[in-house]
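Trainee: Handing you a structure now.
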Amino acid sequence: MASSSSCRTWHCLLALFLLSSAAYGQLSPSFYAKSCPKLELIVRSTMTKALLAERRMGASLLRLYFHDCFVQ
1 MASSSSCRTW
11 HCLLALFLLS
21 SAAYGQLSPS
31 FYAKSCPKLE
41 LIVRSTMTKA
51 LLAERRMGAS
61 LLRLYFHDCF
71 VQ
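Below, the structure is given as structure tokens:
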């Protein structure tokens with residue numbers, strides 16, 4: 001019984017190691033430079049319009065970004 005549990009633990013650790021190394025992202029600040037060169041301009045103008053339409057949008061987006069990105 002202990003041998004089976006130990007073997008299962010090692011298999012889980014091996015799978016976790018293999019999956020974590022495959023999930024290594026390679027994003028860079030110029031990730032969209034070739035596929036969508038105007039992306040930053042589009043996002044900036046859309047965000048400016050949203051902020052002008054509703055003043056609370058900046059705080060709402062900051063809170064959303066914090067909960068989605070920093071907490072993880």
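Residue 60 in UniProt numbering is what sits at position 60 of the sequence shown, and the numbering runs on without skipping anything.
Backbone N, C-alpha and C fix where the C-beta goes; we use that ideal spot for every residue, glycine too.
(1) Could you give the DSSP three-state label for M1: helix, strand or coil?
(2) Between the C-alpha atoms of Y65 and S4, what's the straight-line distance to the nearest angstrom?
(3) CA-CA distance, F17 and T9?
(4) Are the Cβ atoms of L61 and A50 separated by less than 9 Å?
Mentor: If we stick to the structure as given:
(1) Low confidence applies here, because M1 scores a pLDDT of 47, under 50, leaving its location unreliable and the question unanswered by this model.
(2) When rounded, the separation of the alpha-carbon atoms in Y65 and S4 is 43 Å.
(3) Distance from the CA atom of F17 to the CA atom of T9, rounded to whole angstroms, is 12 Å.
(4) Yes, these two residues count as a Cβ contact at 9 Å.
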